[in-house]
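S.K.: Residue numbers (our numbering): 379 to 529.
As structure tokens, this is what we get:
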């Protein structure tokens, strides 16, 4: 198998690794900082990291879907499509389940107070769930690449 036959898969897996690592580090840092400090700076941090995370998710999802289209093996196609779905699932998860926590923390930051009890813990928990979804998708990508490379 020539390298160009799985280049999209390599791009997808690299994007998945990058975004999973970044969200994991962000969640870990949020869990360690003082709540008032998190509330004060979260909007600025998310304003700079969210576009990068969305770009990685978009590129990874698109590349995984492209790799599925290039594959002639149905089992590999299914693996690539499953990995794309897992990576993409983070966007609606974030919008519907994480956004309320962020809005409450942003409001606290604007008023200079600590966020409502449990909001940062919830944000961190959701961060780790998102990491698990993205890492699972990325793991499937790596397995699919390994199976592709063996042929």
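We treat Cβ as the ideally placed atom computed from N, Cα and C, and that holds for glycine.
Please work out which residues of its chain come closer than 6 Å, Cβ to Cβ, to residue 437, disregarding the five sequence neighbours upstream and downstream, and give them in chain order.
M.R.: Contacts found: 393.
S.K.: One question on the structure: do residue 499 and residue 409 come within less than 9 Å of each other, judged by their Cβ atoms?
M.R.: Yes. Within cutoff.
S.K.: Just confirm the distance between the C-beta atoms of residue 391 and residue 516, as a whole number of angstroms; I'd bet it's less than 8 Å.
M.R.: Yes, they are in contact, since the Cβ atoms of residue 391 and residue 516 sit about 6 Å apart, within 8 Å.
S.K.: Alpha carbons only, please: which of 412, 493, 424 and 442 is nearest the one belonging to residue 385?
M.R.: Of the listed residues, the one whose Cα sits closest to residue 385 is 442.
S.K.: Does residue 411 come out as helix, strand or coil in the three-state DSSP assignment?
M.R.: Correct three-state label for residue 411: coil.
S.K.: Please name the residue, chosen from 522, 457 and 400, that lies closest to residue 429 on a Cα-to-Cα basis.
M.R.: Per the Cα distances, 400.
S.K.: Measuring only the C-alpha atoms, how far is residue 418 from residue 406?
M.R.: Taking the straight line joining both Cα atoms gives about 17 Å.
S.K.: Between the beta-carbon of residue 424 and the beta-carbon of residue 519, is there less than 9 Å?
M.R.: No, they are not a contact pair.
S.K.: How far does the alpha helix (DSSP H) with residue 383 in it extend, from its first residue to its last?
M.R.: Note, residue 383: premise wrong, no alpha helix (DSSP H); not H, not E.
S.K.: Using three-state DSSP, classify residue 514 as helix, strand or coil.
M.R.: Residue state, collapsed to three classes: helix.
S.K.: Taking C-beta to C-beta, are residue 413 and residue 492 nearer than 9 Å?
M.R.: Taking 9 Å as the Cβ cut-off, residue 413 and residue 492 qualify as a contacting pair.
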